[in-house]
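Undergrad: Before I ask anything, here is the structure I am working with.
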Amino acid sequence: MASTKPQKKFRKKILCIGAGYVGGPTMAMIALKCPDYIVTVVDINEDKINSWNSGKLPIFEPGLDEIVRKTRGKNLFFRTDIEQQIRDNDIIFVSVNTPTKTFGSGAGYAADLQFVEKTARLILENSTSPKIVIEKSTLPVKTALAMERILMSGKGRVKFEVLSNPEFMAEGSAIKDLENPDRVLIGSRETAGGIAARRLLVDIYARWVDTGKIITSNIWSSELSKLVANAFLAQRVSSINSISALCEKTDADISEVAKAVGTDSRIGGKFLVAGVGFGGSCFRKDILNLVYLCRFYGLQEVADYWESVVKINEYQQERFIINILGKMFNTLAGKKICVLGFAFKANTGDTRESPAIYITHRLLAECAEVVISDPKALENAAIVMADTTGKLSYEENPYEAVKGCHAIAILTEWSLYKELDYKKIFRAMAKPAFIFDGRNIIDHEKCYKIGFNVYPVGKPALSHFESRV
Ligand SMILES: NC(=O)c1ccc[n+]([C@@H]2O[C@H](COP(=O)([O-])OP(=O)(O)OC[C@H]3O[C@@H](n4cnc5c(N)ncnc54)[C@H](O)[C@@H]3O)[C@@H](O)[C@H]2O)c1
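Okay, so the sequence shown: first residue is 17 according to my numbering, each after it adds one.
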């Protein structure tokens, strides 16, 4: 276990409140790139901090272990003494969770800001010197105003500057994204104090990010841009998924359509991959938050437009289930289905809002027996499915997981699923054997020839029951 004691004098001290998927990797990157800064990450969750200080980090992210190993105990520290750290640090990132509100006004849409507000109050209570407070969490536009009001509500002896610095990294490629971001966005008040604070944060990122990629803006633009970026990304996924439904009706192939459309330089090819829908902790909550904000400001049509992105995502998941049910003779009762992949995307163990959650619940509701397999997400899957009733089991080894199964549903695009020995898998399964490739990642023709009935998303089915046109 790494020492948690700072060892020498450092030029600057940085604190991050919230040691989650964002706080941990972003601060590890700052510590790596700024060896003369001391970076401390605190969290109310003691187990998480213990895990950050152990050999098994609380999150899986390619490349993260190596960076933490290089910096932890030198200029990167994970601790639980939040109040003391607030007193000791003058640059404070706030990277706490901002889930969708589940109660009261705005439930199901608005962001639950209680963790952010508690953090602001804690900063106020424990500050005796001027602080720069940086919103790293994704927040509704105008949250900085609430932050400022809380921070300024003290006796006025301590000066605070609030900045917005939303994080654009994606899980699964966080380290790559943090090392070489498309842009870093820093918003501030357009006052002398705000601009000075902004300059200080620019200097930190400029240690490794090309200054041309560091965008500064007014604080409201910065807050809003993060919600809008996520909404645009999710919208592309829902757009291509909506067309995948049309492809299945017309024998067009969604991959060919996406290629033809995406090679138009005005459109671009990224995020045009059809599948079972987007997941993750951010897209859904951020769009719903955007919808809430639009309604709050009386922009009903704008709200409806963005809400449809979420509706198509739900439709795509339900469509996947209806397809399984229909192709498997309208009954799943007593049939064994292997869910290959439970993480919301490849290269992460994160299962938050994973389409696999909804799909597994629906399979169980049809009285199917479900075996979940995933190389990194089984622990989280077991937590998220803990209260579920029905026949559910977990098996990391895909060859064991498929034994006796009637069907496989591929729900995460783990590259290892491309490499599996599908002949061996076919032999181990009940017949007729079905594959529903919710990520379009396996060789469909090859699996069809092995004997599987193959149902991709947005592509003609390869079925031994239906004549191929
Ligand atoms: N996960 C992503 O890919 C991603 C990407 C960009 C932005 N974001 C945004 O960043 C924010 C954090 O997301 P995350 O995925 O890291 O969440 P997370 O749940 O993994 O981490 C948040 C952490 O904050 C801690 N926390 C909550 N209240 C606290 C308090 N008062 N004091 C100390 N710690 C506290 C929690 O214990 C938790 O460990 C969210 O607003 C999210 O929308 C997330």
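The beta-carbon is built from N, C-alpha and C at its ideal position, and this holds for glycine as well.
In chain order, what residues of the same chain have a beta carbon less than 6 Å from the beta carbon of Glu99, not counting five sequence neighbours either side?
TA: Once the five neighbours on either side are set aside, the close Cβ partners of Glu99 are Asn142.
Undergrad: Terminal residues of the continuous alpha helix (DSSP H) containing Asp63?
TA: Start and end: Glu62 to Trp68.
Undergrad: Just to confirm the assignment, what range does the beta strand (DSSP E) spanning Phe184 have?
TA: It is not in any beta strand (DSSP E) - Phe184 carries neither H nor E in the DSSP assignment.
Undergrad: Helix, strand or coil for Ala18 per DSSP?
TA: Caution applies to Ala18, whose pLDDT of 45 falls short of 50 and renders its modelled position unreliable; the value that the coordinates give is listed next. Note: Ala18 maps to coil in three-state DSSP.
Undergrad: What's the C-alpha gap between Asp193 and Val253?
TA: Their Cα atoms are separated by approximately 20 Å.
Undergrad: Tell me whether Glu141, by its Cβ, gets closer than 7 Å to a heavy atom of ligand 1.
TA: Glu141 Cβ: outside cutoff for every heavy atom of ligand 1.
Undergrad: Helix, strand or coil for Gly203, going by three-state DSSP, please let me know.
TA: Strand.
Undergrad: Buried or exposed: Leu167, going by 16 or more other Cβ atoms within 10 Å of its Cβ?
TA: Per the 10 Å Cβ criterion, buried.
Undergrad: Rounded to whole angstroms, how far is the Cβ of Leu48 from the Cβ of Ile83, which I believe are closer than 8 Å?
TA: Going by Cβ atoms, the distance from Leu48 to Ile83 rounds to 5 Å, so yes, they are a contact pair.
Undergrad: When you compare the segment 377-394 with the segment 339-359, are there three or more beta-carbon pairs, one atom per stretch, that lie closer than 8 Å?
TA: The segment 377-394 vs the segment 339-359: in contact.
Undergrad: Say yes only if the C-beta of Ser105 is nearer than 7 Å to one or more non-hydrogen atoms of ligand 1, and no if none qualify.
TA: Looking at the sequence itself, residue 105 is Asn, so the reference to Ser does not match. Checking every heavy atom of ligand 1 against the Cβ of Asn105, none is found closer than 7 Å.
Undergrad: Please name the residue or residues paired with Val149 in a DSSP beta bridge.
TA: Val149 pairs with Ile108 and Val178.
Undergrad: What are the complete alpha helix (DSSP H) segments, minimum 4 residues, inside the segment 380-412?
TA: Whole alpha helix (DSSP H) segments, 4+ residues: 394-400.
Undergrad: Contact defined as beta carbons within less than 8 Å: I believe Ala384 pairs with Leu348. What is the distance between those atoms, to the nearest angstrom?
TA: Right, the Cβ-Cβ distance comes to about 4 Å (below 8 Å), so this counts as a contact.
Undergrad: Which residues does DSSP list as the beta-bridge partners of Val244?
TA: According to DSSP, Val244 bridges with nothing at all.
Undergrad: Have a look at Leu394 and Val38 and give me their C-alpha separation to the nearest angstrom.
TA: Cα-Cα distance, rounded: 21 Å.
Undergrad: Look up Arg455 in the DSSP assignment and say whether it is helix, strand or coil.
TA: In the structure shown, Arg455 sits in coil (DSSP, three-state: anything other than H, G, I, E or B).
Undergrad: Which residue from Pro51, Gly474, Ile30 and Lys28 puts its Cα closest to that of Gly263?
TA: Per the sequence presented here, residue 263 reads as Cys, with Gly not at that position. The shortest Cα separation from Cys263 among Pro51, Gly474, Ile30 and Lys28 belongs to Gly474.
Undergrad: So, helix, strand or coil for Arg88, using DSSP?
TA: Three-state result, Arg88: strand.
Undergrad: How about His422 and Phe450: are their beta carbons less than 8 Å apart?
TA: In this structure, Phe450 lies closer than 8 Å to His422 by Cβ.
Undergrad: For Ala208 versus Ile148, is the C-beta spacing smaller than 8 Å?
TA: Going by C-beta atoms, Ala208 is not nearer than 8 Å to Ile148.
Undergrad: What did DSSP end up calling Asp134 once you bin it into helix, strand or coil?
TA: The question names Asp, but residue 134 in the sequence shown is Lys. The answer is helix: DSSP assigns Lys134 an H, G or I state.
Undergrad: Quick check on this structure: which residue in Asp437, Ala190 and Leu217 has the alpha carbon closest to the alpha carbon of Cys50?
TA: For the residues Asp437, Ala190 and Leu217, the minimum Cα distance to Cys50 belongs to Leu217.
Undergrad: In whole angstroms, what is the alpha-carbon distance linking Phe312 and Tyr410?
TA: So the alpha carbons of these two residues sit roughly 43 Å apart.
Undergrad: Report whether the distance from the Cβ of Met45 to the nearest heavy atom of ligand 1 is below 7 Å.
TA: No - ligand 1 has no heavy atom lying nearer than 7 Å to the Cβ of Met45.
Undergrad: Under 8 Å between the Cβ atoms of Pro548 and Trp430?
TA: What the structure shows of the chain is the stretch from 17 to 485, and residue 548 is not part of that stretch, so it cannot be assessed.
Undergrad: Closer than 7 Å by C-beta to Ala18: which residues in its own chain qualify, once you throw out the five before and the five after it? Chain order, please.
TA: Unreliable positioning characterises Ala18 in this predicted model, as indicated by a pLDDT of 45, which lies under 50. The coordinate reading is nonetheless provided below. Only Asn69, Arg88 and Gly89 meet the Cβ criterion.
Undergrad: May I ask which residues mark the beginning and end of the alpha helix (DSSP H) holding Leu486?
TA: It is not possible to answer for residue 486, since the shown part of the chain is limited to 17 through 485.
Undergrad: Can you find at least 3 beta carbon pairs, one from the segment 193-205 and one from the segment 230-238, that sit closer than 8 Å?
TA: As far as the Cβ criterion goes, the segment 193-205 touches the segment 230-238, which means the pair count is three or higher.
Undergrad: Based on the DSSP output, what are the partners of Thr154 in its beta bridges?
TA: The partner list for Thr154 (beta bridge, DSSP) is empty, contrary to what the question assumes.
Undergrad: Suppose you measure from the CA of Cys32 to the CA of Ile150; what does that come to, to the nearest Å?
TA: Near 9 Å, if we compare the C-alpha coordinates of Ile150 and Cys32.
Undergrad: Touching or not, the segment 335-346 and the segment 295-311, by the rule of three or more beta carbon pairs under 8 Å?
TA: Touching, no, given that fewer than three Cβ pairs across the two stretches are closer than 8 Å.
Undergrad: Report the three-state DSSP secondary structure of Leu356 (helix, strand or coil).
TA: Three-state result, Leu356: strand.
Undergrad: Based on the DSSP output, what are the partners of Glu31 in its beta bridges?
TA: Correcting the residue type first, residue 31 is Leu in the shown sequence and not Glu. Note: Leu31 sits in a beta bridge opposite Thr56 and Ile108.
Undergrad: Using the C-alpha atoms, what's the distance from Lys447 back to Ala372?
TA: Ala372 and Lys447: Cα-Cα distance of roughly 24 Å.
Undergrad: Considering only residues of the same chain and omitting the five flanking positions on each side of Val277, which have a CB-CB separation below 8 Å?
TA: Ile283 and Leu288, listed in sequence order.
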